Amino acid sequence: MSAPSVTLGDFEQLVLLALVRLGPDAYGATVRREIEEHAGREVSISAVYTTLERLEQKGLVRSRIGDPTPERGGRRRRHFELLPLGARSLRDAYRALVGMAAGIERRLKTFS
Amino acid sequence: MTRLALLVIRMATPRREREWVVGDTVEELARLRDASGERAARRWLQREMWRVLAQAPRHRLAVWRGPAVAAPEPTTRKGDGPVRDFFQDLRYTLRLLGRAPAFTAIAVATLALGIGANTAIFAVVNAVMLKPLPFADAERLMLVHILVPERLTAPETARAGVYSESVWSYPKYRTFTASQQVFDEIAFFSGRDLDLSGDGEPQRVRGEVVSERYPSVLGVAPLLGRPFTWDEVHEAGTPRAAMIGHGLWTRRFGGDPAVVGRTIRVNARPYTVIGVLPRGFRGLIGNADLWVPLAALEPGQLTQQQSHSYTIVARRKHDVPEQIAASAVEVLGGQVDAAHPRRDIGMPEWKARANSMYASRVDADVRRAALVLLGAVGFVLLIACVNLTNLVAAKAMTRRREVAVRVAIGASRGRIIRQFFSEGVALSALGAAGGLLVAFALLGAAAAVLPEPDVFFRSAVAPGTPRISGASGLTRIGASMIGLDAMTFVFTAGVALLTAMLVSLLPAAQASLLRPVDALKKEKAEGGARWIDARAVLMTIQIALALILLAGAGLMIRSAERLRETGIGVDPTGLFTVRIDLPGASYDSNRGQQFFAQLLERVSALPGVRSAALGLCPPVSGGCNTTIAWFPPAKEPFRDGRDPSIGIHTITPGFVGTLGVKLLRGRNITDQDRAGQPKVLLVNETAARRLWPNDDPIGKRMWAGQGSVGSGDPSEVVGVVSDVRYRAIETVPGPDVYVALAQSYQARMRLFVRSSLEPGTLAPAITREVRAIDANLPLSEVKTMDDRVADAMWRTRIGAWLLASFAALALLLTAIGIFGVMAQAVAHRTAEIGIRMALGAQARDVLGLVLRRAAIVTAAGLVIGAGSALLITRLLAALLYGVEPGDPLTFVSVAVLLGVIALVAGYIPARRATRVDAIAALRAE
Numbered sequence: 001m002s003a004p005s006v007t008l009g010d011f012e013q014l015v016l017l018a019l020v021r022l023g024p025d026a027y028g029a030t031v032r033r034e035i036e037e038h039a040g041r042e043v044s045i046s047a048v049y050t051t052l053e054r055l056e057q058k059g060l061v062r063s064r065i066g067d068p069t070p071e072r073g074g075r076r077r078r079h080f081e082l083l084p085l086g087a088r089s090l091r092d093a094y095r096a097l098v099g100m101a102a103g104i105e106r107r108l109k110t111f112s
Numbered sequence: 001m002t003r004l005a006l007l008v009i010r011m012a013t014p015r016r017e018r019e020w021v022v023g024d025t026v027e028e029l030a031r032l033r034d035a036s037g038e039r040a041a042r043r044w045l046q047r048e049m050w051r052v053l054a055q056a057p058r059h060r061l062a063v064w065r066g067p068a069v070a071a072p073e074p075t076t077r078k079g080d081g082p083v084r085d086f087f088q089d090l091r092y093t094l095r096l097l098g099r100a101p102a103f104t105a106i107a108v109a110t111l112a113l114g115i116g117a118n119t120a121i122f123a124v125v126n127a128v129m130l131k132p133l134p135f136a137d138a139e140r141l142m143l144v145h146i147l148v149p150e151r152l153t154a155p156e157t158a159r160a161g162v163y164s165e166s167v168w169s170y171p172k173y174r175t176f177t178a179s180q181q182v183f184d185e186i187a188f189f190s191g192r193d194l195d196l197s198g199d200g201e202p203q204r205v206r207g208e209v210v211s212e213r214y215p216s217v218l219g220v221a222p223l224l225g226r227p228f229t230w231d232e233v234h235e236a237g238t239p240r241a242a243m244i245g246h247g248l249w250t251r252r253f254g255g256d257p258a259v260v261g262r263t264i265r266v267n268a269r270p271y272t273v274i275g276v277l278p279r280g281f282r283g284l285i286g287n288a289d290l291w292v293p294l295a296a297l298e299p300g301q302l303t304q305q306q307s308h309s310y311t312i313v314a315r316r317k318h319d320v321p322e323q324i325a326a327s328a329v330e331v332l333g334g335q336v337d338a339a340h341p342r343r344d345i346g347m348p349e350w351k352a353r354a355n356s357m358y359a360s361r362v363d364a365d366v367r368r369a370a371l372v373l374l375g376a377v378g379f380v381l382l383i384a385c386v387n388l389t390n391l392v393a394a395k396a397m398t399r400r401r402e403v404a405v406r407v408a409i410g411a412s413r414g415r416i417i418r419q420f421f422s423e424g425v426a427l428s429a430l431g432a433a434g435g436l437l438v439a440f441a442l443l444g445a446a447a448a449v450l451p452e453p454d455v456f457f458r459s460a461v462a463p464g465t466p467r468i469s470g471a472s473g474l475t476r477i478g479a480s481m482i483g484l485d486a487m488t489f490v491f492t493a494g495v496a497l498l499t500a501m502l503v504s505l506l507p508a509a510q511a512s513l514l515r516p517v518d519a520l521k522k523e524k525a526e527g528g529a530r531w532i533d534a535r536a537v538l539m540t541i542q543i544a545l546a547l548i549l550l551a552g553a554g555l556m557i558r559s560a561e562r563l564r565e566t567g568i569g570v571d572p573t574g575l576f577t578v579r580i581d582l583p584g585a586s587y588d589s590n591r592g593q594q595f596f597a598q599l600l601e602r603v604s605a606l607p608g609v610r611s612a613a614l615g616l617c618p619p620v621s622g623g624c625n626t627t628i629a630w631f632p633p634a635k636e637p638f639r640d641g642r643d644p645s646i647g648i649h650t651i652t653p654g655f656v657g658t659l660g661v662k663l664l665r666g667r668n669i670t671d672q673d674r675a676g677q678p679k680v681l682l683v684n685e686t687a688a689r690r691l692w693p694n695d696d697p698i699g700k701r702m703w704a705g706q707g708s709v710g711s712g713d714p715s716e717v718v719g720v721v722s723d724v725r726y727r728a729i730e731t732v733p734g735p736d737v738y739v740a741l742a743q744s745y746q747a748r749m750r751l752f753v754r755s756s757l758e759p760g761t762l763a764p765a766i767t768r769e770v771r772a773i774d775a776n777l778p779l780s781e782v783k784t785m786d787d788r789v790a791d792a793m794w795r796t797r798i799g800a801w802l803l804a805s806f807a808a809l810a811l812l813l814t815a816i817g818i819f820g821v822m823a824q825a826v827a828h829r830t831a832e833i834g835i836r837m838a839l840g841a842q843a844r845d846v847l848g849l850v851l852r853r854a855a856i857v858t859a860a861g862l863v864i865g866a867g868s869a870l871l872i873t874r875l876l877a878a879l880l881y882g883v884e885p886g887d888p889l890t891f892v893s894v895a896v897l898l899g900v901i902a903l904v905a906g907y908i909p910a911r912r913a914t915r916v917d918a919i920a921a922l923r924a925e
């Protein structure tokens, strides 16, 4: 019996991928930046947090409160970290996409 | 700017996330400043702010909802599931409305009134005209009438070659049933006033005399007991039987199941109760409580070929279409007429016609009244919708930046329109719920205030309007079905939906047509030029609609006034009337004459009574007996292309004095004119003019009708009296003759008493005197003459009152609407006004500037309204009396009224604007 995983929405996938890129110090602003740079999507910071919270409630990530810094006007950061369930779900999502795209990459790239 | 953006982002983020969200934003801003410069950073911040604003509602919804729902898409995309969006919008809208309680309360109240009034009127129209009749196979039921030339039934307004529907005689009914083949069940019925006694207080009830297949032809079977047998209906001498109605059973007999078999006395004769009819059944006359078979009540009618009284109701066979049945009846009509020859006086032959019961439901005038009311109440709702549109649109203007942002980000126009629509739906749904309550209250109030429904159907509104035979009974049956049922709910929902669409149409169109760039500019940008024009059009429409309603109401009010002013020929003050019927079983003509003589003596002697008299018919109560006049020497009816019908009234000598009728020539009837003495009569002015145009009628002789005045020696005209209106207040009097009771006995008379006593004292006193002579005699129609006049005017008065209420409501709504629009327009231009005044403009000039537009709109509305009103009020023509539908006085008065109110409503906010401190206004900019 394979270990459980959760089906991910498309934005959830982007967020989790960003977490993988960034490692355990990821937080809202950095995730947003990653997504903007690498996926070309402009989203607001609160939207990122909403998704992250949802993922946390589903058990795919966990958060911790960081230290306050002066640049943030004394406000603390909230960091997110990938959990095994999240990792497995991300792997399955990736496999699904790659599996579907296998053999037609060239055509996908030429879509206008 | 930065601070503002940050503030917005802070406010838009839920509290518990604020710390890291704002912290991240600040951090990112700093990073961008270092990396790409101040400008880029600011730009990013601005965009971030709009993103947050656009996503805020759904963000909050998602947060509130929890993990059970799929993650919300951060950017709005097409194809998001319209239904889910709609409910989301609805919830958001309801919260938005909850935060603006004043706006919501006004909007919902306005809608509740408008929708409620519409629902109430519709409930009445539905019950009376549309709902299925409460009979089995009602679509196969038909009423069969004899057609007589109009000259016999409505002589004053008769047209040649035109027939009116009339009733059958028993022998003709038998001939008809013997030959017909298209109906599988036939019955006849006719309304009667019956005296019930022996088992309690003597009581006058309304009843029907019927045949054996009634009411089984309607699919109604007795609750207890059995229907009539053939013998009971057709064979004289069979023991008398009666059926009672459910209401009578509970009220008079306490719902006792042993009532079947009891003996009751009807018109002083014993009848056995053989059945009780089910609850809610009041016969085809709509208000019957007692049913008797023909042979029991009026056995004499079994052989009278030309005594017409009965209406035939029949159910056609399954396989016979209505057309075939109607044609068959036409043919039969000729046969029946041939089989029963009349004493012909040159009249064309009579015919017959069958109408489906559904086609006989309402008279033309009831239908017209229904249409007028529906139209009027619809106008009121439209006016309310205009007000609401303005309200909603004004609120929408303050949100147009949010809308523009959504459009910029990619929300489809459809989505935006749907958002506004959900607001319209929310308001309309609340308004409809309130409207149902309003309708319920209105219907309840109407039922409480209404006099007996009988009054509504007795007199014709427009003389000459063809009456549909049987319609008044069916309308009564309909009226008993009025209530808020499934159909009315569907109607209310439909109206609410329509309202929602109307109300959200304009704001949605405005909002979605705006270019986002325009909306993002400064607050008071003139991107609203088109916006203001739409409002002007709406206001013009509003004023026009209000004027139409006011014109209609004004005409009806003047009609009622005219009616009130019309003299009926008698002096109603202090005049009291009571109806007395002496049952033939216990009173022959001698005994009857004695009774009446005694009664008059006793009543005249009562303290406070000035005079008393007896007469056959009271004024303005639907007419009296009509008959034919004959003249010596050859007993020719009056010719000359005119109709020989006259009204015949039996009176006592005191009649003329008691009622205040004037004696114009000759002498009154006196006590000397008794049986055995030469027969005399009085004629009224109209009769004198018509029957002896250039001659003195005194001394002339004539016969009238059947009976003692129509046979033997002709009667001599001894006096001429002034005209009295017996039919309706509007109906011009026809020729009438008056004969002495002592010379021509009538069992049914009315007692007229002129006194200074209150009705509360007089009525019991009269009752006592009657009981003193005969303890079992019931009295009925105990009314003052003023009551009778009020009854006769009732329909016009109610119509005037209803239309006036609608018009007043419309006026109020329009004034509020103009006030609101003007206040906004002025607020819009506060800066401009401030500048002008600072530069030296007088308050007067500024006012003129601001009001000019309002004046133009008002004038346009009045002109359009007046033009439309002239066309529309033609529909009212049949309901009016003494007033033309285009009456200039009425039109001018209401136009002036509306114009003044409109300008005042616009003036008040404008005036306030000129008081504004110029500097303060500019500063606030």
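Taken in order, these protein sequences are the chains called A and B.
Be aware that the first sequence starts at 1, since it is given in the numbering used here, and climbs by one per residue.
Be aware that the second sequence starts at 1, since it is given in the numbering used here, and climbs by one per residue.
Ideal placement from N, C-alpha and C gives every residue a C-beta, glycine not left out.
Since we're looking at a predicted model, the values are computed, not measured.
Where residue i meets chain A, residues with beta-carbon distance less than 7 Å
i, result
"B/E28", "A29"
Chain B within 8 Å of residue i, Cβ atoms only
i, result
"A/R21", "no"
"A/G86", "no"
"A/E37", "no"
"A/G73", "yes"
"A/R91", "no"
"A/R77", "yes"
Helix, strand or coil at residue i according to DSSP, with G and I counted as helix
i, result
"B/K78", "Reliability of the predicted coordinates at B/K78 is poor, the pLDDT of 43 falling under 50, and the value obtained from them is presented with this limitation in mind. Coil."
"B/N267", "coil"
"B/F189", "strand"
"B/Q203", "strand"
"B/D791", "helix"
"B/K351", "strand"
"A/E42", "coil"
"B/V162", "coil"
"B/F228", "coil"
C-beta contact flag for residue i and residue j at 8 Å
i, j, result
"B/V182", "B/E212", "no"
"A/E81", "A/V61", "yes"
"B/V846", "B/R558", "no"
Cross-chain neighbours of residue i in chain B, by beta carbon under 7 Å
i, result
"A/R114", "Past the edges of chain A, shown from 1 to 112, lies residue 114 of chain A, and the structure says nothing about it."
Classification of residue i by the beta-carbon crowding that lies within 10 angstroms, buried from 16 upward
i, result
"B/W249", "buried"
"B/L839", "exposed"
"B/R844", "exposed"
"B/V728", "The question names Val, but residue 728 of chain B is Ala in the sequence shown. Burial call: buried."
"B/S197", "buried"
Listed by chain order, chain B residues near residue i by CB distance under 9 Å
i, result
"A/Y49", "T13, E17, W20, V21, D24"
"A/R114", "The requested residue 114 of chain A is not part of the displayed model; chain A covers only 1 to 112."
Contact set between residue i and chain A, taken where Cβ atoms lie within less than 8 Å
i, result
"B/E48", "S44, I45"
"B/Q55", "S44, S46, A47"
"B/R51", "E42, V43, S44, A47"
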